[in-house]
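Q:
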Amino acid sequence: MFEVGEIYENRLGEYRVIDIDRRSDEMILRYLDTGERLETSVTLQRRIFRNITWQYEEEAKQRRREKERALRGHGDAFEGLDEDDFSMSIRGTSWRRRENLPGYVARELSFESSTIFSSWAIPYTPAAMIAPSDDAHIYFHLEVNEERVYYGLAMDPAGQRTVRAIRNSERVRQAILNAEDEYGARLIAVETLEDDRATYMDALAENAELWDPVQSAEMSLDERIAQVAEEDEDTTIYLLARMPREQAIELGEDVGTEIARMMATLLPVYNAIVLH
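Per this note's numbering: the sequence shown = residues 34 to 309.
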């Protein structure tokens, strides 16, 4: 199972295989962190590696069981969006409920992440947040109007922590660019009023886009983030994609999978800001 030049792991850490003599059952390895060389038995290292692999697999199974218990009921009733769901009014709609679309997306996203996400309807508005808790300031956002469903990441309020997390990580920057390229995501900023949680529709109503489409296409990510850094602390930054009503309805249950897939591409952004 061992190959010269490949990296494996034992109880002391990761190592690279330098040489193997299968006739004598001996191998030479070098630990990656210390550079120390060790002559050892192939049989012994194979047994250790298999035990570690088994342990990782069991831990992964246990984490999955814990997630399944925590996510019981999330999205169980979701079969797709209906025409009546696409309204600026929440009267008569049920799509924001945890057993519906937001819970479905939270469940899918949880299995793509080390975090267990849940969902909450945002009061008095056709929107929902997906996060580990309902007081999160960095959360995944779902919102509808008469024509579209909007989905992505909300950073509320945005500030220097958000800016630093984006500027300091190439992986984060690439995740943002991928969301823009693959899903047509857009960055906008909206001022948060008092204790209200801002919504994307509020932003559009106030023409709060940080950059118009032509200007945005001509600006680098660094230039756009520099403008974010100049905004007031009471500003929510959204990175959202949008899907036409007809497409969302036609996808049925798969619309939840598509939304979760897009949000999963933004997990590096979410993790960097939350952990910064």
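The C-beta atom is built at its ideal place from N, Cα and C for all residues, glycine as well. Values in this document were obtained by computation on a predicted structure and should not be read as measured data.
(1) To the nearest angstrom, how far is the alpha carbon of ALA161 from that of GLY289?
(2) Which residues share a DSSP beta bridge with ASN43?
(3) Would you mind working out which of GLU116, THR298, GLU36 and ARG124 sits nearest LEU186, comparing C-alpha positions?
(4) Could you tell me the distance, in whole angstroms, from the CA atom of MET295 to the CA atom of ARG194?
(5) Quick check on DSSP: helix, strand or coil for ILE199?
(6) Under 8 Å by Cβ, that's how I've got ARG106 and ARG131 pegged, so tell me the actual separation to the nearest angstrom.
(7) Applying the 10 Å Cβ sphere with the 16-neighbour rule, what's the burial state of SER253?
(8) Near LEU175, what residues of its chain come up, given a Cβ to Cβ distance below 6 Å and the 5 sequence neighbours on each side ignored?
(9) Can the beta-carbon of LEU210 be found closer than 8 Å to that of LEU272?
(10) Quick one, which of GLU179, ASP52 and GLU112 has its alpha-carbon nearest SER312's?
(11) In chain order, what residues of the same chain have a beta carbon less than 7 Å from the beta carbon of ARG200, not counting five sequence neighbours either side?
(12) Which residues in the same chain have their Cβ closer than 7 Å to the Cβ of SER127, if we skip the five residues on either side of it in sequence?
(13) Can you tell me the Cα-Cα spacing of GLU279 and GLY113, whole angstroms?
(14) Could you pull out every residue in the same chain whose Cβ sits closer than 6 Å to the Cβ of ASP109, ignoring the five residues on either side in sequence?
(15) In chain order, what residues of the same chain have a beta carbon less than 8 Å from the beta carbon of TRP244, not counting five sequence neighbours either side?
(16) Looking only at its chain, what residues have a beta carbon closer than 8 Å to the beta carbon of PHE111, apart from the 5 residues adjacent to it on each side?
(17) What's the C-alpha gap between LYS94 and LEU142?
(18) Could you tell me the alpha carbon to alpha carbon distance between ALA208 and SER74, rounded to whole angstroms?
(19) What runs of the beta strand (DSSP E), each 3 residues or longer, lie entirely inside the segment 158-191?
(20) Can you name the start and end residues of the alpha helix (DSSP H) that ARG131 belongs to?
(21) So the candidates are ILE85, GLY68 and MET60; which of them puts its Cα closest to the Cα of GLU42?
(22) Across which residues does DSSP place ARG63 in a beta bridge pair?
(23) Roughly how many angstroms lie between the CA atoms of ARG181 and ASP255, to the nearest whole one?
(24) Check whether the Cβ atoms of SER146 and LEU300 lie closer than 8 Å to each other.
(25) Check ARG54 in the structure and name its three-state DSSP category.
(26) For my contact list, GLU36 and VAL50 are in at a C-beta cut-off of 8 Å; report their separation, rounded to the angstrom.
(27) Could you tell me which of ILE149, LEU71 and TYR157 sits nearest to PHE173, measuring between CA atoms?
A: So, from the listed chains and residues:
(1) Residue numbering aside, residue 161 sits at position 128 when the sequence shown is read from its first letter. Residue numbering aside, residue 289 sits at position 256 when the sequence shown is read from its first letter. Each residue's alpha carbon lies about 13 Å from the other.
(2) Numbered from its first residue, the sequence shown carries residue 43 at position 10. GLY46.
(3) Counted from its first residue, the sequence shown places residue 186 at position 153. Minimum Cα distance to LEU186 is reached at THR298.
(4) Taking the first residue of the sequence shown as 1, we reach residue 295 at position 262. Taking the first residue of the sequence shown as 1, we reach residue 194 at position 161. Those two C-alpha atoms are separated by around 23 Å.
(5) In the sequence shown, counting from the first residue as 1, residue 199 sits at position 166. It is helical.
(6) For this step, residue 106 is matched to residue 73 along the sequence shown. For this step, residue 131 is matched to residue 98 along the sequence shown. According to the sequence displayed, residue 106 carries Gly and not Arg. A Cβ-Cβ distance of about 7 Å is found for the pair GLY106 and ARG131, placing them in contact under the 8 Å criterion.
(7) Looking up residue 253 in the sequence shown gives position 220. The residue in question, SER253, is exposed, as its Cβ has fewer than 16 Cβ neighbours within 10 Å.
(8) Counted from its first residue, the sequence shown places residue 175 at position 142. So the qualifying residues of the chain are PRO135, ALA161 and TYR184.
(9) Reading the sequence shown from its first residue, position 177 is the one you call residue 210. Reading the sequence shown from its first residue, position 239 is the one you call residue 272. Not in contact: LEU210 and LEU272 (Cβ atoms no closer than 8 Å).
(10) Residue 312 lies beyond the range of the chain shown here (34 to 309); nothing can be said about it.
(11) On the sequence shown, residue 200 is found 167 positions in, with the first residue counted as 1. Contacts found: ILE258.
(12) By 1-based counting over the sequence shown, the position of residue 127 is 94. Answer for SER127: ASN133, listed in chain order.
(13) The residue labelled residue 279 in the question sits at position 246 within the sequence shown. The residue labelled residue 113 in the question sits at position 80 within the sequence shown. Taking the straight line from one Cα to the other gives about 12 Å.
(14) Here residue 109 refers to the residue found at position 76 of the sequence shown. For ASP109, the CB contacts under 6 Å within the same chain, skipping 5 residues up- and downstream, are GLU132 in chain order.
(15) The residue you call residue 244 lines up with position 211 of the sequence shown. With a pLDDT of only 49 at TRP244, under the threshold of 50, the placement of this residue in the model should not be trusted; the figure read from the coordinates follows. The answer, listed in chain order, is LEU220, MET252, ARG257 and GLN260.
(16) Here residue 111 refers to the residue found at position 78 when the sequence shown is read from its first residue. Cβ neighbours of PHE111 within its own chain (closer than 8 Å, five residues either side excluded): GLU132, ASN133, LEU134, GLY136, TYR137, GLU286 and GLY289.
(17) In the sequence shown, residue 94 corresponds to position 61, counting from 1. In the sequence shown, residue 142 corresponds to position 109, counting from 1. A straight line joining the alpha-carbon of LYS94 with that of LEU142 spans about 17 Å.
(18) For the purposes of this step, residue 208 is taken as residue 175 along the sequence shown, with counting starting at 1. For the purposes of this step, residue 74 is taken as residue 41 along the sequence shown, with counting starting at 1. One C-alpha to the other measures close to 43 Å.
(19) Along the length of the segment 158-191, whole beta strand (DSSP E) runs at least 3 residues long occupy 160-164, 171-177 and 181-191, reported in chain order.
(20) Locating residue 131 in the sequence shown gives position 98, where the first residue counts as 1. That residue, ARG131, is in no alpha helix (DSSP H); it is neither H nor E in DSSP.
(21) Locating residue 42 in the sequence shown gives position 9, counting from the first residue. Checked all of ILE85, GLY68 and MET60; the closest Cα to GLU42 is ILE85.
(22) Reading the sequence shown from its first residue, position 30 is the one you call residue 63. Residue pairing of ARG63 in beta bridges, as defined by DSSP: ARG49 and ARG70.
(23) Taking the first residue of the sequence shown as 1, we reach residue 181 at position 148. Taking the first residue of the sequence shown as 1, we reach residue 255 at position 222. Near 29 Å, if we compare the C-alpha coordinates of ASP255 and ARG181.
(24) The sequence position of residue 146 within the sequence shown is 113, counting from 1. The sequence position of residue 300 within the sequence shown is 267, counting from 1. Yes, Cβ-Cβ distance for SER146 and LEU300 is below 8 Å.
(25) Here residue 54 is taken as the residue at index 21 of the sequence shown, counted from 1. Going by the sequence as given, residue 54 is Asp instead of Arg. DSSP places ASP54 in strand when its eight states are reduced to three.
(26) Position 3 of the sequence shown, counting from 1, holds the residue named residue 36. Position 17 of the sequence shown, counting from 1, holds the residue named residue 50. Confirmed, Cβ separation roughly 7 Å.
(27) Looking up residue 173 in the sequence shown gives position 140. Of the listed residues, the one whose Cα sits closest to PHE173 is ILE149.
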